[in-house]
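**Student:** Take a look at the following structure, please.
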Amino acid sequence: MRVAVYTPQIVDILHGGTGFTLNIMNVAAQLGAPCQVFTAQEATISEADGHYGGLECVQRREVFTESLVLNVPGNVQMLLPNVEFSLRFRLEQMLAAIHSYEPDVVIFVGFMSPLVYRLFESYPIVGLSLHALPPIAPVDMWLSADPLGETALWPGVPAPKLAHYPFRFWPKGQAVPIDRAKLQIPATAVVLITTGYRLDTEMSEPWRGQMLDFIEAHQNVHWLLIGIPEGQPVSDLPARSRIHCFAPQVPLESWLATCDIYINPPRVGGGGTVGMAMEQGLAVLTMDGCDGGDKVGVWATATLDSYFERLATWSANATERQQVGAALKGQFHARLDISSTQAQDGLLQACQSAIESFKQRTGHRYA
Numbered sequence: 041m042r043v044a045v046y047t048p049q050i051v052d053i054l055h056g057g058t059g060f061t062l063n064i065m066n067v068a069a070q071l072g073a074p075c076q077v078f079t080a081q082e083a084t085i086s087e088a089d090g091h092y093g094g095l096e097c098v099q100r101r102e103v104f105t106e107s108l109v110l111n112v113p114g115n116v117q118m119l120l121p122n123v124e125f126s127l128r129f130r131l132e133q134m135l136a137a138i139h140s141y142e143p144d145v146v147i148f149v150g151f152m153s154p155l156v157y158r159l160f161e162s163y164p165i166v167g168l169s170l171h172a173l174p175p176i177a178p179v180d181m182w183l184s185a186d187p188l189g190e191t192a193l194w195p196g197v198p199a200p201k202l203a204h205y206p207f208r209f210w211p212k213g214q215a216v217p218i219d220r221a222k223l224q225i226p227a228t229a230v231v232l233i234t235t236g237y238r239l240d241t242e243m244s245e246p247w248r249g250q251m252l253d254f255i256e257a258h259q260n261v262h263w264l265l266i267g268i269p270e271g272q273p274v275s276d277l278p279a280r281s282r283i284h285c286f287a288p289q290v291p292l293e294s295w296l297a298t299c300d301i302y303i304n305p306p307r308v309g310g311g312g313t314v315g316m317a318m319e320q321g322l323a324v325l326t327m328d329g330c331d332g333g334d335k336v337g338v339w340a341t342a343t344l345d346s347y348f349e350r351l352a353t354w355s356a357n358a359t360e361r362q363q364v365g366a367a368l369k370g371q372f373h374a375r376l377d378i379s380s381t382q383a384q385d386g387l388l389q390a391c392q393s394a395i396e397s398f399k400q401r402t403g404h405r406y407a
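Each residue of the sequence shown is one higher than the last, beginning at 41 in this note's numbering.
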């Protein structure tokens, strides 16, 4: 089965769409399927700032090619355009290149793209959305993390068939912890960790105030905040010796491995680092109804009161939090690990179902 992957934008391994694309390439390589990636770099528009009437600007993100590597034996085959050409030209260029490649199936990694409408006319399409919703584009199969996801959401877009596919993360393996002594944290301390690039807005009240009260009341607890740009402290967060603020850290796994509990604020996102914390065997504290809560399942809490009651229990009981961490690590490998045999089988089945769907909707005799 020859696979083409189309994604609107390639940047680097830390970019969500790029990371998902590389993971799909990893799975295709495991299956022995030829795979090539195509992108029109849709978010990059020459002289885009000229379209704004104010002080807004668009920061162009360059492709960091050194990070575009597979986790399995094989080469990364990607067709990147010259972004000095118009977007219309680049879309036509990618369409022609995909036609020349003659794929058996196209996997769309993204949320929306005008090119997918053209590809849908000629190929079976599998959609891997970057969000919890199906792509705003016609696809035959939607790789949904939610087994009961709603498919008929977008007017004028055919409702895809749903394939339950929760696998999103390539495992990093057990990381070597950061030495706590270098962080001036006692070896016997209970260390909490929260990460994110928007913590200033995501750590909102009343949660922030309750966290500060908890730290004040538990003298053996230290709290790491990772993702705060140097010189830009979180507003209204007092300087305390047991609250440690750091800029974004790579690799983050080593910082997670040195901690005891991952603290996910009540926010929409956070699922990426929740998954990373689960793999490292941390107990994860998060509320339900969000990306992080979806990852941990039954361990998500429904209210702030139960959230902080569980935090107090885990902080006082090392055995219980370690048992929860071990269970979440097992859940990571069972439900989220895209390197697994289940992930390979699921992707292959989704591609085969997309081909059958294409035959039915076109009457095409597709080999």
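For glycine and all other residues, C-beta sits at the position ideal for the given N, C-alpha and C. Since we're looking at a predicted model, the values are computed, not measured.
In the structure shown, what three-state DSSP assignment does VAL290 receive?
**Tutor:** The residue given as residue 290 occupies position 250 in the sequence shown. Coil.
**Student:** Classify GLN259 as buried or exposed, calling it buried when 16 or more other Cβ atoms lie within 10 Å of its own Cβ.
**Tutor:** The residue labelled residue 259 in the question sits at position 219 within the sequence shown. Counting Cβ neighbours within 10 Å, GLN259 comes out exposed, since fewer than 16 surround it.
**Student:** Within the chosen definition, does the region 299–317 reach the region 334–341 through at least 3 CB pairs nearer than 8 Å?
**Tutor:** Segments in contact, yes.
**Student:** Roughly how far, in whole angstroms, is the beta-carbon of GLY267 from the beta-carbon of LEU239, given that I think they are within contact range, below 8 Å?
**Tutor:** Your numbering for residue 267 matches position 227 in the sequence shown. Your numbering for residue 239 matches position 199 in the sequence shown. With 8 Å as the limit, GLY267 and LEU239 qualify as a contact, their Cβ atoms being about 6 Å apart.
**Student:** Report buried or exposed for SER126, applying the criterion of at least 16 other Cβ atoms within 10 angstroms of its Cβ.
**Tutor:** As a working note, residue 126 is residue 86 in the sequence shown. When all chains shown are included, SER126 counts as exposed.
**Student:** Below 8 Å between beta carbons: does that hold for VAL145 and CYS391?
**Tutor:** The residue you call residue 145 lines up with position 105 of the sequence shown. The residue you call residue 391 lines up with position 351 of the sequence shown. Their beta carbons are under 8 Å apart, which means VAL145 touches CYS391 by this criterion.
**Student:** Check GLN389 in the structure and name its three-state DSSP category.
**Tutor:** Indexing the sequence shown from 1 puts residue 389 at position 349. The answer is helix: DSSP assigns GLN389 an H, G or I state.
**Student:** Just reading off the beta strand (DSSP E) that LYS335 is part of, what are its end residues?
**Tutor:** In the sequence shown, residue 335 corresponds to position 295, counting from 1. Segment 331–336 is the alpha helix (DSSP H) holding LYS335; no beta strand (DSSP E) there.
**Student:** Give the DSSP-derived three-state secondary structure of SER107 in the structure shown.
**Tutor:** Translated into positions along the sequence shown, residue 107 becomes position 67. Here SER107 sits in helix by DSSP.
**Student:** Could you check if ARG208 is buried or exposed, using at least 16 other CB atoms within 10 Å of its CB as the buried criterion?
**Tutor:** Looking up residue 208 in the sequence shown gives position 168. The residue in question, ARG208, is buried, as its Cβ has 16 or more Cβ neighbours within 10 Å.
**Student:** Which residues in the same chain have their Cβ closer than 6 Å to the Cβ of PHE160, if we skip the five residues on either side of it in sequence?
**Tutor:** Taking the sequence shown and counting its residues from 1, the one referred to as residue 160 is at position 120. Within the same chain, PHE160 has close Cβ partners PRO178.
**Student:** Residues in the same chain with beta-carbon distance under 8 Å from LEU135, minus the five sequence neighbours each way, listed in chain order, please.
**Tutor:** Residue mapping note: residue 135 aligns to position 95 of the sequence shown, counting from 1. Cβ within range, chain order: LEU155, ARG158 and LEU159.
**Student:** List the residues that DSSP assigns as beta-bridge partners of GLN369.
**Tutor:** The residue you call residue 369 lines up with position 329 of the sequence shown. Position check: residue 369 holds Lys in this sequence, whereas Gln was assumed. Answer is none; LYS369 lacks a bridge partner.
**Student:** Could you tell me the distance, in whole angstroms, from the CA atom of LYS399 to the CA atom of MET152?
**Tutor:** Within the sequence shown, residue 399 is the residue found at index 359, counting from 1. Within the sequence shown, residue 152 is the residue found at index 112, counting from 1. LYS399 and MET152: Cα-Cα distance of roughly 24 Å.
**Student:** Would you grab the beta carbon distance between PHE296 and ALA215 for me? Rounded to a whole angstrom, and I think it's under 8 Å.
**Tutor:** Sequence index remark: in the sequence shown, residue 296 carries index 256 (1-based). Sequence index remark: in the sequence shown, residue 215 carries index 175 (1-based). Going by the sequence as given, residue 296 is Leu instead of Phe. Sure, about 7 Å apart at Cβ, within 8 Å.
**Student:** Are the beta-carbon atoms belonging to ARG130 and ALA80 less than 8 Å from one another?
**Tutor:** As a working note, residue 130 is residue 90 in the sequence shown. As a working note, residue 80 is residue 40 in the sequence shown. Closer than 8 Å, so yes.
**Student:** When we look at the beta-carbon of HIS262 and count the other beta-carbons within 10 Å, is it buried (16 or more) or exposed?
**Tutor:** In the sequence shown, residue 262 corresponds to position 222, counting from 1. Result: buried.
**Student:** By how many angstroms is the C-alpha of GLN384 removed from the C-alpha of GLY365?
**Tutor:** The sequence position of residue 365 within the sequence shown is 325, counting from 1. The sequence position of residue 384 within the sequence shown is 344, counting from 1. Cα to Cα, GLY365 sits roughly 26 Å from GLN384.
**Student:** Starting from the C-beta of ILE147, find all residues in its chain whose C-beta is less than 7 Å away, skip the five residues before and the five after it, and write them out in chain order.
**Tutor:** Translated into the one-based positions of the sequence shown, residue 147 becomes position 107. Answer for ILE147: VAL43, VAL45, ILE64, VAL166 and LEU168, listed in chain order.
**Student:** Which partner residues of TRP182 appear in the DSSP bridge assignment?
**Tutor:** By 1-based counting over the sequence shown, the position of residue 182 is 142. GLY167 and LEU202, per the DSSP bridge assignment.
**Student:** Considering VAL324, what are the terminal residues of the beta strand (DSSP E) in which it resides?
**Tutor:** For the purposes of this step, residue 324 is taken as the residue at position 284 of the sequence shown. Its beta strand (DSSP E) spans residues 323–325.
**Student:** Under three-state DSSP, which class holds HIS139?
**Tutor:** Translated into the one-based positions of the sequence shown, residue 139 becomes position 99. If DSSP states are grouped into helix, strand and coil, HIS139 belongs with the helices.
**Student:** Taking just the CA atoms, how far does GLU242 sit from VAL324?
**Tutor:** Along the sequence shown, one-based indexing puts residue 324 at 284. Along the sequence shown, one-based indexing puts residue 242 at 202. Distance between the alpha carbons of VAL324 and GLU242 is about 17 Å.
**Student:** Buried or exposed: where does GLY57 fall if 16 or more other Cβ atoms within 10 Å of its Cβ makes it buried?
**Tutor:** Along the sequence shown, read from residue 1 onward, the residue named residue 57 stands at position 17. It is buried - the Cβ of GLY57 has at least 16 other Cβ atoms within 10 Å.
**Student:** When burial is assigned at 16 or more other CB atoms within 10 Å of the CB, is LEU183 buried or exposed?
**Tutor:** Counted from its first residue, the sequence shown places residue 183 at position 143. Flag for LEU183 reads buried.
**Student:** Counting C-beta neighbours from all protein chains within 10 Å, is the total for SER244 16 or more, i.e. buried, or is it exposed?
**Tutor:** Locating residue 244 in the sequence shown gives position 204, counting from the first residue. Exposed, because fewer than 16 other Cβ atoms sit within 10 Å of the Cβ of SER244.
**Student:** What distance in whole Å lies between the Cβ atoms of PRO206 and LEU376, which are believed to be in contact at a cut-off of 8 Å?
**Tutor:** Position 336 of the sequence shown, counted from the first residue, corresponds to residue 376. Position 166 of the sequence shown, counted from the first residue, corresponds to residue 206. About 6 Å; that satisfies the 8 Å criterion.
**Student:** Alpha carbon to alpha carbon, how far is ALA221 from ARG282?
**Tutor:** Residue numbering aside, residue 221 sits at position 181 when the sequence shown is read from its first letter. Residue numbering aside, residue 282 sits at position 242 when the sequence shown is read from its first letter. Each residue's alpha carbon lies about 13 Å from the other.
**Student:** What residues are listed by DSSP as bridge partners for GLN76?
**Tutor:** Along the sequence shown, read from residue 1 onward, the residue named residue 76 stands at position 36. Per DSSP, ALA44.
**Student:** Using the DSSP secondary-structure output, state which residues sit across from LEU264 in a beta bridge.
**Tutor:** The residue you call residue 264 lines up with position 224 of the sequence shown. Bridge partners of LEU264: ILE233 and HIS284.
**Student:** Quick check on the burial criterion: 16 or more other C-beta atoms within 10 angstroms. Buried or exposed for ASN304?
**Tutor:** As a first step, residue 304 is located in the sequence shown; it is residue number 264 there, counting from the start. Result: buried.
**Student:** CA-CA distance, LEU164 and ALA229?
**Tutor:** On the sequence shown, position 124 is the one that residue 164 refers to. On the sequence shown, position 189 is the one that residue 229 refers to. What sits at residue 164 in the sequence shown is Pro, not Leu. Whole-angstrom Cα-Cα distance: 54 Å.
**Student:** When the Cα atoms are used, what is the spatial distance from ARG350 to GLU360?
**Tutor:** Here the question's residue 350 lines up with position 310 in the sequence shown. Here the question's residue 360 lines up with position 320 in the sequence shown. Rounded to the nearest angstrom, the two C-alpha atoms are 10 Å apart.
**Student:** With respect to the alpha helix (DSSP H) encompassing PHE148, which residues constitute its N-terminal and C-terminal limits?
**Tutor:** The count along the sequence shown starts at 1 and reaches residue 148 at position 108. Element bounds for PHE148: not the alpha helix (DSSP H) but the beta strand (DSSP E), 145–149.
**Student:** Going by alpha carbons, who is nearest to SER379 out of PRO211, MET41 and MET318?
**Tutor:** On the sequence shown, position 339 is the one that residue 379 refers to. Closest option to SER379, Cα to Cα, is PRO211.
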